[in-house]
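2 protein chains.
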Amino acid sequence: MPSLLIIAHGSRRAASNDEIRQLADAVRVQPAHAYDHVEAAFLELAEPGILDGLTALAARGATEIVAFPYFLAAGTHVAQDIPDVIAGFGVAYPAVKVRLTQHLGASAALPAAILGMAA
Amino acid sequence: MPSLLIIAHGSRRAASNDEIRQLADAVRVQPAHAYDHVEAAFLELAEPGILDGLTALAARGATEIVAFPYFLAAGTHVAQDIPDVIAGFGVAYPAVKVRLTQHLGASAALPAAILGMAA
């Protein structure tokens, strides 16, 4: 089974980074999902970074990683910075397949999810 | 039926604000939801502001508005700035009930939604 890496921006505010880690914990314990491991990583300002997060999953045996950018807008971070780090990982770990999904804000599932969240 | 106001931060980047407006459009056309109107508003840097967004819904006859903070982290904007604006609206429009939901990042529905988005 693949592993899931939730990639957040990272904040100087420790509580915001903890929110992301708790989110990964909450995803991990959802019933009947398709992932061996679910972890969080940060583009900057918090640990682990994206490269460390990917490498740690590879060290745990992951050969397929779904990378989910937990970002609302398609700015430079989503369009360039995150793909660049993943490309660098691919050079070092060619046997590990990383699939980068759309960012949170662009997900086709978000409109229905928002209706459920706001209810 | 209530109306839904999706409250985003707002950006200097016009494309990011357009993403939010398109998200509101996408929510609006979801099948069988419970809202008369679905609109977007911005805390700063883009129009309409939150107060204008609430007022416009009231002008269209809304007597109950669900305000959904489209924010990932529970910083000052979510904890203080948005509630303050809503409180100000309540003074001007006491007959309109505004219910502020949890912010996106804290929604209990988000973990399951992320699994669906990443699939």
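Note that the protein sequences, when read in sequence, are chains A and B. Going by this note's numbering, the first residue of the first sequence is number 3, and it counts up by one from there. Going by this note's numbering, the first residue of the second sequence is number 3, and it counts up by one from there. Just so it is clear, CB atoms sit at the ideal spot from N, CA and C, and this is done for glycine as well.
By the C-beta density criterion, residue 31 (chain B) is exposed, having fewer than 16 other C-beta atoms within 10 angstroms. Between the region 5–25 of chain B and the region 94–101 of chain A, the count of Cβ pairs shorter than 8 Å is below three; the stretches do not touch. When the five nearest sequence neighbours on each side are left out, the beta carbons in the same chain lying within less than 7 Å of the beta carbon of residue 108 (chain A) are those of 76, in order along the chain.
Here residue 42 (chain A) has 8, 22, 23, 26 as same chain residues with Cβ atoms under 6 Å from its own Cβ, once five neighbours each way along the sequence are excluded. The contact set of residue 6 (chain B) on chain A, defined by CB atoms closer than 9 Å, consists of 116, 117, 120 in chain order.
The secondary-structure analysis by DSSP pairs residue 116 (chain B) with nothing; it has no beta-bridge partner.
At a cut-off of 8 Å between beta-carbon atoms, residue 82 (chain B) makes no contact with chain A.
For residue 70 (chain A), the beta-bridge partners assigned by DSSP are A:8. Identification of chain A residues near residue 41 (chain B) by a Cβ-Cβ cut-off of 9 Å yields none; the smallest Cβ-Cβ distance measures about 13 Å. When 9 Å is used as the limit between beta carbons, residue 76 (chain B) is near these residues of chain A: 17, 18, 21, in chain order.
When beta bridges are read from the DSSP output, residue 51 (chain B) appears opposite B:44. A Cβ-Cβ contact shorter than 8 Å links residue 14 (chain B) with residue 47 (chain B). Where residue 98 (chain B) is concerned, there is no enclosing beta strand (DSSP E), because DSSP gives it neither an H nor an E.
Within 9 Å of the CB of residue 70 (chain B), the CB atoms of chain A belong to 116, 119, 120, in sequence order along the chain. Look at residue 82 (chain B) here: in three-state DSSP terms it is helix. Per DSSP, reduced to three states, the secondary structure at residue 24 (chain B) is helical. Closest by C-alpha distance to residue 91 (chain A), out of A:52, A:35, A:73, A:111, is A:52.
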